[in-house]
Amino acid sequence: MEPVQFVFYAFATVLVLASLAVITARNPVYSVLFLVLAFFTSAAIWLLLEAEFLAITLVLVYVGAVMVLFLFVVMMLDINLDQLREGFAKYLPVGALVGFIILVQMVIVLGPEQFGLDRVADPVKHGPDYSNTKELGNVLYTDYVFPFELASVILLVAIVAAIALTLRRRPENKAMNAADQIKVKRAERIKLIAMAPEKDEPAEG
Amino acid sequence: MLEWLQSTWMSLPMSVQDTVIIVAKIVAIVVPIMLSVAYLTLAERKVIGYIQVRIGPNRVGPRGLLQPIADGLKLLMKEIIVPHNANRYLFIIAPILALAPALAAWAVIPFNDEWVLADIDAGLLYLLAMTSMAVYGVILAGWASNSKYAFLGAIRSAAQVVSYEIAMGFALVGVLMAAGSLNLQDIVLAQQGSFLHWFWIPLFPLFLVYFISGVAETNRAPFDVAEGESEIVAGFHVEYSGMTFALFFLAEYANMILISVLSAVMFLGGWLPPIEGIPIIGEPSIFWLLAKTSFFLFLFLWFRATFPRYRYDQIMRLGWKIFIPITIVWIVVTGVLVLANVSPWFD
Amino acid sequence: MAFERPDLIPVLPEIFVVTMACVVLLVDVYQRQSNRMLTYLLSQATLVGGLILTLSLHTSAPEYTFGDTFVKDTMSDVLKGFIYLSAFVVFLYSRRYLQERGQLTGEFFVLGLFAVLGMMVMVSAHSLLLVYLGLELLSLCLYAMVALNRDSKTSAEAAMKYFVLGALASGMLLYGMSLFYGVTGSLDSRAISTAVTMGVGNEIVLKLGLVFIVIGLAFKLGSVPFHMWVPDVYHGSPTNITLFIGTVPKIAAFGMTIRLLVDTAAAMHVDWQQMLIILAMLSIAVGNVVAIAQTNIKRMLAYSTISHMGFLLLGVLSGSADGYSSAMFYTLVYAIMGLGGFGMILLLSRAGFEAENLEDFKGLNERSPWMAFMMLLLMFSMAGVPPTVGFFAKLSVLQAAVRADLIWLAVFAVVFSVVGAFYYLRVVKLMYFDKPVDVQPIVCGMDMRVALSINGTAVLLLGMFPGTLMALCHTAFN
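Residue numbers (my numbering), protein chains in the order written: chain A, 1 to 205; chain B, 206 to 552; chain C, 553 to 1030.
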């Protein structure tokens, strides 16, 4: 086995195990952490495909930002696991059966006969001068500019929707207005009064 | 002896040779960082001491120079206490997760025109990815400790780091636009010339935003609400002791040094000299990088001695409502500058 | 590194709508009036402007741009025109309803406009990527719109169900698309179509991909057995959102079906015809039978929608230009009827009262004979009674099925539409032969009365003179 293959299989194994752990872990925090691991290993597999830009972006966006917020939310939630697991045993046979059938179908259809190396060409190996980042940039803003802009509109809608669904102005809320606080001038707070010097009369005794 | 070494070395297969060389390089980077961290703590105490008209530590060794060694030994000897009902695995993993990305990020830093461990094209992104992961250590430490103070610290830190990462990322976008590359070596080379050619002039707002966001990312004063010893005792690491605590300490200082180096590389020309053409001083060398880094590190210490801690809502406001708009506007300005080929930076 | 600059003229309507949506978003922030008049007018102006742009840019030959990923042909132009019109009517009907409940926010209009944009992209997509992006843009807006009334538990529940099932459907669709991509190596409709026709790639994998795509489509159309979300979402949403969800997206869903099945996978017609036959039969049967048992009119109309989607599929599955144009005719007619039907519920509702139950329609004739007549026309049309347009829609779809040698299927559809006529006519019976339960006068603005009247009479007039619309649909596929 070549070293590259060894690396691939090592990462692939970790990826599959981590993905399994995401759905089987009892503790939601563990699930999130395994998902982080899964993202990390898939980034590594992308690196093997010479897609370093995508790999690093995956880590940056998903591991560095999205999953942090996930973790943030999951830690704050007080999930009653027993309640979640209610009825699990009841639905298990049906779910397992459906899952099994789908698995069998997928194995039949997506096996190596259909996607083996004799059917799908080997990916092109590039020299050390090849920059995946540059190639991506070249197509992203030319051929794919329309989908790219649409994706940004989707994000805008997500922002609008999130704010519309969560922002509430409560009249009883006494939040401080930082802008007002900063705008405060010295003259508004301190008044200098000119007054004649006073001298305490020594107490006579 | 030397001959024997040489012959054994030659008899090794190529892949093993490569691995050994890489490991040697890593050691050559990590060991000086660790030493710098140790002496940075001493420097911090000394600097703050002088600012507050005190002398600072001066008992251990000549002028207190052995103080960090003594501190390290003390922490090594101490017992690691795992709190009751804490999550054992995560409790132990958390400090490691805090330190690892701080060290891994050094792989792409160019120390001079040849010395760089991994000269990769997406270097800047890699750095951003690594620095963004440091927060896991903090969050997990806070959660695994099973302590209210620690958890509060973790929550604060998570929100803060995620917020400032955006401003930081946008500042880096400005840099990569100016340099036309994500490769750190290329970024340094794009600033060739005198100190007037460095990016701190055309990207001045981004420079400020980047460094301040860096201070916030490392949870240093005045953005240290995650620790906030007067409010939540010591925040996320309140339950840690001994070596586990030391790891957090190392991570924090390693991150400080990293942010300083990066500011130097991206805005102050890295290892380039401020004025070219003068013998010795005018030569590009690692010492220039170190000098610039020290300057930023001093700023970190100076901030801590000077500013009171920000309130939490003020931190959020600064990040979201001030820094992010500034960076977005300046990215557009940078685009115009680059398109207009404004000299001496973009010709 | 030279590249061709894409021709932006064909996408001008999309650019206009997205720009105006952002303008509306900004203007709304500075609106102090509680009636949001400026926001409302600007949104309506956007739709009218879009309509004018689309009409003036119309050419009979299809135009492609952005490297063939975007297409502007007669079908997309006609569908876009109806999308603007329906959205216009939805905004018009909704304003009073929202204002009375204190829910009149700028977000409704902004999200509505972005949804319109998503639908425009869907009907103009010539690449799987664009189909998906348009669909996601639309769905995201709809999820949020369902949940906009935050204090209502049923709305939150409906939004949650819609979101979870919608995400599942999107996942299915995406999976099917990725299988297509895996086999043919392209996302472009034409390239995939050629590859499939040439027999490049593996048939089994393509079929599996097709199954997933059809499932995704069926989810979005709401046809049985992927219909579970429809009644709950229609019921749980605020009525004006039900009006939106129940009408406009169906036009886009039809466009998406054509783009995916006909433009991309035409060579696999035999395969998807079988799947659509099952979906159509089940939808027509379940929709019509279950609707009888409903007492809530929103739920009833939801099941009626399910059966209408079955008829729509009947036209698509016949696999001929005639079939597609009859399905398109059916979709457009359905949108008009749906607007009228849900509009009636909005008309009868007032602050603090939702006319959701069949009971509330009792004796409408005594309260407002004209509106009762309008409702009569709409119900007749939905049932397919001549001379309303619903009859012609059903007729043309059935003709297409017969021409495709699916006579048994046509007979099946006719039998169940007779069953379905029962519950539409029940509404008519309630309006004309029962005593009113709700005796409050109907309050509503002039604009809404006029619009509803036009909407109701349109059903009748189009039924008498269906030629123009029919011809329009025919040109789209010839």
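The C-beta atom is built at its ideal place from N, Cα and C for all residues, glycine as well.
Start and end residues, alpha helix (DSSP H) containing Val14/A: Pro3 to Thr24
Nearest candidate by alpha-carbon position, reference Val838/C, set Lys713/C, Ser859/C, Glu615/C and Ser877/C: Ser859/C
Beta-carbon neighbours of Leu71/A, restricted to chain B and to distances below 7 Å: Against Leu71/A, the close residues of chain B are Ile344, in the order they occur along the chain (beta-carbon pairs closer than 7 Å).
Tyr616/C, DSSP secondary structure in three states: strand
Enclosing alpha helix (DSSP H) for Lys90/A [first to last residue]: Phe88 to Leu110
Selected residue, minimal CA-CA separation from Phe416/B, among Phe551/B, Trp209/B, Arg522/B and Phe508/B: Phe508/B
The segment 613-623 of chain C contacting the segment 145-153 of chain A, beta-carbon criterion three pairs below 8 Å: yes
Neighbour list for Arg522/B in chain A, Cβ cutoff strictly below 7 Å: Ala178
Cutoff 6 Å; reference Leu773/C; Cβ partners in own chain excluding five residues on either side: Excluding positions up to five away in sequence, the list reads Ala805 and Met861.
Residues that DSSP places opposite Lys624/C in a beta bridge: Glu615/C
Residue burial classification, Val32/A (beta-carbon count within 10 angstroms, cutoff 16): Val32/A is buried by the Cβ-count criterion.
Bounding residues of the alpha helix (DSSP H) (the contiguous stretch that carries Met206/B): First-last for Met206/B: undefined, no H or E at that position.
Backbone secondary structure at Asp740/C - three-state DSSP: strand
Cβ pair Val22/A, Phe39/A closer than 8 Å: no
For Leu950/C and Val963/C, the rounded distance between their alpha carbons: 9 Å
Beta-carbon gap between Ser399/B and Glu481/B smaller than 8 Å: yes
Cutoff 8 Å: Ser490/B Cβ touching any chain A Cβ: no
Contacts around Leu961/C, its chain only, beta-carbon distance under 6 Å, and the 5 residues preceding and following it disregarded: Ala953
Buried versus exposed call for Asn917/C [16 or more other C-beta atoms within 10 Å across all chains shown]: When all chains shown are included, Asn917/C counts as buried.
C-alpha gap between Thr142/A and Glu52/A, whole angstroms: Roughly 21 Å separates the two Cα atoms.
Beta-bridge partners of Arg902/C, as assigned by DSSP: Phe905/C
Neighbour-count burial assignment, Ala303/B, 16 or more Cβ in a 10 Å radius: Here Ala303/B is buried. Its C-beta has 16 or more other C-beta atoms within 10 Å.
Any chain C beta carbon closer than 8 Å to Leu15/A: no
Per-residue contacts from Gly127/A into chain B (C-beta, under 7 Å): Residues of chain B passing the Cβ test: none, with the nearest at roughly 13 Å.
4 or more residues per run - each alpha helix (DSSP H) lying fully within the segment 239-295 of chain B: 272-282
Residue burial classification, Phe512/B (beta-carbon count within 10 angstroms, cutoff 16): exposed
According to DSSP, residues forming a beta bridge with Asn848/C: Asn909/C
Proximal residues of chain A, C-beta to C-beta of Leu717/C below 9 Å: Near Leu717/C there are no residues of chain A at all, since even the closest Cβ is about 16 Å away, more than 9 Å.
At least three beta-carbon pairs within less than 8 Å, the segment 917-932 of chain C to the segment 868-875 of chain C: Short answer: they don't touch.
Three-way DSSP call (helix, strand, coil) for Ala229/B in this model: helix
For Leu308/B and Leu389/B, the rounded distance between their alpha carbons: 17 Å
Reduced DSSP category for Ala395/B - H, G, I as helix; E, B as strand; rest coil: In this structure, Ala395/B counts as coil in the three-state DSSP scheme.
Three-pair Cβ contact test at 8 Å for the segment 313-328 of chain B versus the segment 226-245 of chain B: yes
Partners in chain A for Asp518/B, counting only beta-carbon separations shorter than 8 Å: Ala175, Met176 and Ala178
Test item: CB-CB of Phe551/B and Val543/B under 8 Å: yes
Unbroken alpha helix (DSSP H) run spanning Lys353/B, endpoints: Lys353 to Ala384
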